[in-house]
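Chains as they are written, first to last, in this note's numbering: chain A, 2 to 427; chain B, 2 to 402.
For glycine and all other residues, C-beta sits at the position ideal for the given N, C-alpha and C.
What follows is a single structure, written as structure tokens, with notes after it.
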């Protein structure tokens, strides 16, 4: 049985007239166990491989190898399917045309699945929305599934669907399953894949070359298999008259969950957090309260991580109005750190978007700010990756110059890494 | 092998049905339980309280029933016991009873520097109140014999309160539990007060001179007796050091006893230093009490506690009050009775204040701040459960002549 613990970081003191309370809750999970074997229900795993023509011989072969490694890594007893995607979505395994669209992993299903993967050929276009919708239907065909995870590999833009079509497909998959997305090569759109991954509570990253593909798939599946808690939600209670300003995951990556809340009880919104393994995550919650007189103390938010009807851990966010400026002027170091990290992610993404649009002035300003924030918050990975896109004259002031010749892969690596945060130093 | 031809990498699969699942609606689940219960509803908005005392509607933190409780045994007697704003625990206790023209008001103040004083003060207050309720002599014999009987009964009540403190607390705990006690008895217009330590009884007539009926057993009072001005003595570093108390290590539990006959309607106030710290003289307290038109006893007690909290609430605050009105409500022009309290049956053997044994109620940090900063000394380890079982002798009645 998984053990959850939590800790709230905040400055509960508010100056007279102030209404906004910020808090970081750190949630740790230990002894999560193995997916599908913790008594919390069955788990399903779907591997989605881009088989469009652009994959070519080399990437297609690497993708086949990787998919086979993935099948090797999926634990026996886990429900699984293999989807081959181009301008349409095909169920490569199991070869059924109706009924349950997933089968349990066993030595024999593993062998048959590998035969199906071996038959992949690069052909056709790309319509990722259709791949997602097929995955959704396959997961839904097995009612006993508690954990649902997919990995999606692509190498190109979503040519055969409009943005509206893709967005509609993503919307239908919200809360249905989690998806980690990976792009190979430099022809895919980071923003497009990030949209899928963040909506489906997964990660996005660039795979440097075909040789890395099997290792990446192995790691993704292994991590999914180690998530013994198939699904949990962050429930946020705020008092009557209060307003949730935002709810963000801020570590290990920045993901804005604010729009994902659903009402579960009076004054309580639930935000999806997906499956949990042995890990630690931080969430940043901001609440606006009706102003109270100095001396008043109240609960500003009750934060609970819940799975089904059971509360796994709880943290309390408080508010105390005080006339003591030495108390009210302090900013929680954790809140300040993650506020900076969130701004860093936005600065990198905005800067790269401006650069792509040819707006060098905005790009220089945004990426300069990003360099400054990366330095201030001790995000060495972001500093290193920024250094491949801009020449840093002075990190402290954010004085930078756009590099003349930048590798597309370096820009994409910076973009995909932008949401990864560091923990506060010390 | 491929039923759709060699171009397709798999089959086209169609789901049987695609029914929408609904997310279950979950209530907030409880997490942990506290030792002391909370009131049934939020005092701020009337909403339901969570198990941790935070209102599930407005978020206000409710006080536990040990941190704040009110008693109103009749329409002319009531009391409020409150944690205040600074101390982490409420070590004051209150008990009161009233029927017809008779009332008993008891306030005890647990000594912060000793362990288990919240339990001790509760046991003392309940035991003394219960004992007096069962045994107060009711106007038999001559006034002198009655006075002596009342005095003996009050001393017995204090002795039993002392036994209850010893019986309900752990003698092996570091710093044995201790508490003050102040008792106000009302029988028609007759008022008798007893005190040990520095909790007080005031008589505040609607017209006429307000009176501090009791005399503290404290170093502040000793300084006053030897000529120091009250304001200076009560703001000195030693002000809150008491010279008599209830508890296992008490050496002298002989209470100060005084009586008076009320000559006009007024308020009898029994309180802990959490209130009188902000209005020590009878005149100062009377100004606060009569600042607003006379209200019900519970309204007055609530108002005085709120007032002390507004002043800082640096200590636990307990106020019990009785609205004393002449029988048959004879207005004014009564024959003016003696309102100066006289000490009843002073203990002639030992000197009344034994300053060789001192008990700091709280540890002041420095001279200028001590009234505002009574440092909490004890560790918050497991606290014994409330309510308290009274001492073994508490049900016995005392027969007086």
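For the segment 123-142 of chain A, the beta-carbon criterion of a distance under 9 Å to any beta-carbon of chain B is satisfied by 124, 125, 135, 137, 138, 139, 141, 142. Rounded to whole angstroms, residue 32 of chain A and residue 17 of chain B show a C-alpha spacing of 38 Å.
The residue from B/182, B/93, B/262 with its alpha-carbon nearest to that of residue 130 of chain B is B/182.
Chain-order list of chain A residues neighbouring residue 17 of chain B: 99, 100, 101, 142, by C-beta distance under 9 Å.
The alpha-carbon of residue 180 of chain A is positioned some 48 Å away from that of residue 44 of chain B.
For the segment 60-79 of chain B, the beta-carbon criterion of a distance under 7 Å to any beta-carbon of chain A is satisfied by 60, 61, 62. Residues of chain A with a Cβ closer than 7 Å to the Cβ of residue 39 of chain B do not exist, since the nearest Cβ in that chain sits about 13 Å away.
Beta-bridge partners assigned by DSSP to residue 83 of chain B: B/69, B/318.
In this structure residue 135 of chain B is exposed. Its beta-carbon is surrounded by fewer than 16 other beta-carbon atoms within 10 angstroms.
Here the alpha carbons of residue 220 of chain B and residue 300 of chain A stand approximately 42 Å from one another.
Here residue 308 of chain B carries a helix assignment [DSSP, helix/strand/coil]. By the C-beta density criterion, residue 296 of chain B is exposed, having fewer than 16 other C-beta atoms within 10 angstroms.
A residue is called buried once 16 or more other Cβ atoms fall within 10 Å of its Cβ, and residue 59 of chain A, having fewer, is exposed. Apart from sequence neighbours up to five positions away, the residues of its chain that approach residue 63 of chain A with a beta-carbon distance below 6 Å are 211, 214, ordered along the chain. DSSP places residue 182 of chain B within a strand segment (E or B) once states are collapsed to three. Interface annotation, residue 14 of chain B: in contact with chain A, CB-CB separation under 7 Å. Taking the C-beta atoms as reference points, residue 218 of chain A is found nearer than 7 Å to residue 67 of chain A. Secondary structure in the segment 252-336 of chain A: the alpha helix (DSSP H) runs of 4 residues or longer, each lying completely within the stretch, are 326-329 in chain order. Within the same chain, Cβ atoms closer than 8 Å to the Cβ of residue 163 of chain B are found at 125, 247, 248, 251, 254, the five residues on either side in sequence being excluded. From the beta-carbon of residue 9 of chain B, the residues of chain A found nearer than 7 Å are 91. For residue 240 of chain A, at least one C-beta of chain B is nearer than 7 Å to its own C-beta.
Here residue 338 of chain A carries a helix assignment [DSSP, helix/strand/coil]. Residue 401 of chain A and residue 370 of chain A have their C-alpha atoms some 9 Å from each other.
About 6 Å separates the beta carbon of residue 180 of chain B from that of residue 118 of chain B, a gap short enough to meet the 8 Å contact definition. Taking 7 Å as the CB threshold, residue 58 of chain B lines the interface with chain A.
With contact defined as three or more Cβ pairs closer than 8 Å, the segment 223-241 of chain B and the segment 204-214 of chain B are not in contact. In the DSSP assignment, residue 123 of chain B falls within the alpha helix (DSSP H) that extends over 118-136. The shortest C-alpha to C-alpha distance from residue 384 of chain A to any of A/421, A/15, A/327, A/135 is the one to A/421. Counting only the Cα atoms, residue 183 of chain A lies some 9 Å from residue 195 of chain A.
In the DSSP secondary-structure assignment, residue 101 of chain A is not bridged to any residue.
Not a single C-beta of chain A is nearer than 7 Å to the C-beta of residue 279 of chain B.
Listed in chain order, the non-local C-beta contacts of residue 41 of chain A below 6 Å within the same chain comprise 147, 231, local neighbours out to five positions each way being set aside. In this chain, the alpha helix (DSSP H) harbouring residue 65 of chain A covers 57-74. Going by beta carbons, residue 390 of chain A and residue 408 of chain A fall outside the 7 Å limit.
About 7 Å separates the CB atoms of residue 278 of chain B and residue 315 of chain B; that is less than 8 Å, so the two are in contact.
Residue environment for residue 90 of chain B: buried (at least 16 other C-beta atoms within 10 angstroms of its C-beta).
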